[in-house]
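Below is one structure, written out as structure tokens; comments come after it.
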Amino acid sequence: MSHTTHDGGVAVSAIPSPDEGLTAAQLAARYGLAVSGARPSLAEYVRQLWGRRHFILAFSQAKLTAQYSQAKLGQLWQVATPLLNAGVYYFIFGVILHASRGLSQDVYIPFLVTGVFVFTFTQSSVMSGVRAISGNLGLVRALHFPRASLPISFSLQQLQQLLFSMIVMFIVAIGFGSYPSPAWLLIVPVLLLQFLFNTGLALIVARMGAKTPDLAQLMPFVLRTWMYTSGVMFSISKMMEGRSEIAVRLLQANPAAVYMDLMRYALIDGYGAANLPPHVWAIALFWAVAVFAGGFVYFWQAEERYGRG
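Position 112 (the sequence shown) corresponds to 111 in numbering that gives the first Met the number 0; numbering is contiguous.
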């Protein structure tokens, strides 16, 4: 565009930009731009996670291999650590405090070993989950991938470690008279339900730990309290005989106690259904689905904030 000035000259004015007057959102829509690291829809997020399934598995296996790479006994510590814990707990609770009340020695020792190994599965999943984001900020900031891959991978790592350790559980059970039977097949659904529950917990604490890294220092005290109220070292039904029925049922509905008792029921011949709360499988399913689904959505809601600030 041009026009004549007062001295007879010709002035040329700039052509208006087609983007003039558009908001930032309108400009982004016009040129197909998107916010870097923006949170995708829940369905798209699930699709992205499925696409990274090989990375999740490989990452968990690499972490498992590296965990004891500096120790001379290497991967044997995966079995030795919970087994040593079980030995300490047996001496304190079984010999000194007589926490084996109502259980014979042939039942109590595999009962205790199973409880320690199964609770360690949950405990380790939570502890690795709480550091999943805060402990891997370099990876989070350098690469674009669904951040839920990390806590899921760490939970998968703990599952692989438990599967390796279950060889010892089987040996202890057989050594004390509980031989393989069709009931052992129940171990598979128990492990699946507990893995879902642990993964949901790992997702919850991963988001919390990303914002408050000091949570990793507090979590061992929380987990220790949880362990002592979950019947790892004693039978809740035997120890609480004569107490309020509501209190007993509440303790037995504790998810850690539910998965331990189901594993004991499947593995130990002398640990019958009388030791389980009513509707125990429904309770186990509820905890697994509710915590996994709730934890997944809770973690996804903060997806675009991980690694920033």
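Here a beta-carbon is modelled for each residue, glycine too, at the ideal position from N, C-alpha and C.
Since the model is a prediction, treat every value here as computed from it, not as a measurement.
**Report entry** Separation of residue 129 from residue 204, as counted between CA atoms
**Finding:** 5 angstroms
Requested in this report: Go ahead and label residue 221 buried or exposed: buried means 16 or more other beta carbons lie within 10 angstroms of its beta carbon, across all protein chains shown.
Outcome: The residue is exposed, with fewer than 16 neighbouring Cβ atoms inside 10 Å.
Query - Nearest candidate by alpha-carbon position, reference residue 185, set 155, 262 and 162 - result: 262
Report task. Keeping to the same chain, check which residues put their C-beta closer than 8 angstroms to that of residue 144; ignore five residues upstream and five downstream. Result -> 47, 51 and 54
Report task. Under 8 angstroms Cβ to Cβ from residue 157, same chain only, skipping five residues before and after it: list those, please. Result -> 120, 123, 124, 127 and 197
Report task. Determine the closest residue to residue 147 out of 282, 39 and 257, with distance taken between C-alpha atoms. Result -> 39
Query raised in the report: Going by other Cβ atoms of all chains shown within 10 Å of its Cβ, with 16 needed for buried, is residue 90 buried or exposed?
Result: exposed
Requested in this report: Mind listing, in chain order, the continuous alpha helix (DSSP H) runs of no fewer than 4 residues lying wholly within the segment 159 to 231?
Outcome: 186 to 210 and 214 to 227
Query raised in the report: Using the rule of at least 16 other Cβ atoms within 10 Å of the residue's Cβ for burial, across every protein chain shown, is residue 160 buried or exposed?
Result: buried
Query raised in the report: Taking C-alpha atoms, which residue in 102, 240, 175 and 226 lies nearest to residue 271?
Result: 102
Report task. Give me the Cβ distance between residue 276 and residue 251, rounded to the nearest whole Å; I'm assuming they're in contact under 8 angstroms. Result -> Your pair residue 276 and residue 251 checks out as a contact, with CB atoms roughly 4 angstroms apart and the cut at 8 angstroms.
Query raised in the report: Using the rule of at least 16 other Cβ atoms within 10 Å of the residue's Cβ for burial, across every protein chain shown, is residue 201 buried or exposed?
Result: Only buried fits residue 201, as 16 or more other CB atoms lie within 10 angstroms of its CB.
Report task. May I ask which residues mark the beginning and end of the alpha helix (DSSP H) holding residue 126? Result -> Segment 104 to 129, the alpha helix (DSSP H) holding residue 126.
Query raised in the report: What residues in its chain sit with their C-beta under 8 angstroms from that of residue 153, if we drop five residues either side in the sequence?
Result: 59, 62, 124, 127, 128, 131 and 201
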